[in-house]
Amino acid sequence: MSYENLAGRTAVVTGAASGIGQAIAVQLAANGARVALLARRGERLDALAGKIRAEGGQALAVVADVTDDAAVEAAAERVHETFGAVDLVVNAAGVMLPHAVDDGRIDEWRRMLDTNVTGVLRVIRAFTGDLVAAAGEGRSADLVNISSVGAHITFPAYAVYGATKAAVTYLSQSLRTELGPRDVRVTNIEPGLTDTELGTHLGSEEMTRQLDEMFGALGGLSAEEVADVVAYAASRARHVNLRQIMVLPTRQA
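Counting with my numbering, you get residues 115 to 367 for the letters of the sequence shown.
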């Protein structure tokens, strides 16, 4: 679907090397936005930027780890030097490392918290000034956070992951009280079962089998279908905020 009023906007998308982040970057660029691609894997970013440019879009590959303060600050500087101020920020970087809490995987807890929660905050800190300025000039300004249905629905072994996504959902809700009065929209997207690279990081044959069974029983969304929801929300009239969207496969209750 085409959203022509995304043309001319400047977007930052984290987690752009794969999955939902990559699909969002492609969708925004296809609709005329300049897109800064942020992720850790440079080769993938370069390939994606090349693909977007070959199709007539504008893209900038910026290697950055959202768990690193200095890396996010340096990424923001590079984006500003190349594209100028930003009016659309999508926090799509995330990790999902399910284990039972009594496994005591503090290393994984820290990684999920630092990526899924503090990483989101680092990016918000880097670009909120841009969004407020854009809104003050009468332009659309959007902060889009990719949370998860796991913020509301519990699954065995996913307690910590779900807690990080619940934090993102609550953060989005609270930020509307700060940014909404200044005409910055905050949209929280909560996908259900989605076919992304996250499913390959589970580290357990049993977890992988369970996930495969869920896809077999329920089907799943593609990353492109979630990206279409993001593009739709960001392309509404600037006074319309689709504040929270849960998007699920039809069979996922």
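Where is the CB? At the ideal position from N, CA and C, for every residue including glycine.
Everything numeric in this text was worked out from a predicted model, so none of it was measured.
Between the C-alpha atoms of Ala144 and Asn119 there is a straight-line separation of about 12 angstroms.
Look at Thr181 here: in three-state DSSP terms it is coil, with no helix or strand label. Under the Cβ criterion (8 angstroms, minimum of three pairs), the region 287-296 does not count as touching the region 227-237. Straight across, the Cα-Cα distance linking Val344 with Leu362 is about 14 angstroms. Distance between Val263 and Arg350, taken at the CA atoms: about 23 angstroms.
The beta carbon of Ala347 sits closer than 6 angstroms to the beta carbons of Thr301, Leu356 from its chain, once the five residues preceding and following it are set aside; these are given in chain order. Residue burial annotation: Val354 is exposed, with fewer than 16 other C-beta atoms found within 10 angstroms of its C-beta. For Gln366, the secondary structure class from DSSP, reduced to helix, strand or coil, is coil. Residues of the same chain with a CB within less than 6 angstroms of the CB of Thr196, apart from the 5 flanking positions on each side, are Leu174 in chain order.
Burial is judged here by how many other beta carbons sit within 10 angstroms of a residue's own beta carbon; Asp201 has at least 16 and is buried. Per DSSP, Asp256 lies in no alpha helix (DSSP H); the unbroken beta strand (DSSP E) holding it starts and ends at 256-260. DSSP places Ile220 within a helical segment (H, G or I) once states are collapsed to three. Pairing Gly133 with Arg158, the inter-Cα distance amounts to about 12 angstroms.
About 6 angstroms separates the beta carbons of Ala207 and Thr229, which is inside the 8 angstroms limit, making them a contact pair.
When the beta-carbon positions are compared, Val177 and Asn205 stay at least 8 angstroms from each other. In the structure shown, Asp297 adopts coil according to DSSP, grouped into three states. Per the Cβ contact rule, the region 148-155 is not in contact with the region 325-343 (fewer than 3 Cβ pairs under 8 angstroms). Ser116 and Val193 have their C-alpha atoms roughly 25 angstroms apart.
The bridge partners DSSP lists for Gln172 are Arg148. Distance from the CA of Val203 to the CA of Ala139, rounded to the nearest whole angstrom, comes to 11 angstroms. Counting only residues of its own chain and dropping the five nearest sequence neighbours on each side, Gln141 has a CB closer than 6 angstroms to the CB of Ala341, Ala345.
When DSSP reads this structure, Leu202 sits in a beta bridge with Ala125, Asp256. Ala130 is the residue among Glu187, Thr278, Ala130 whose C-alpha sits nearest the C-alpha of Ala161. Looking at the DSSP output, Ala153 bridges to Val177.
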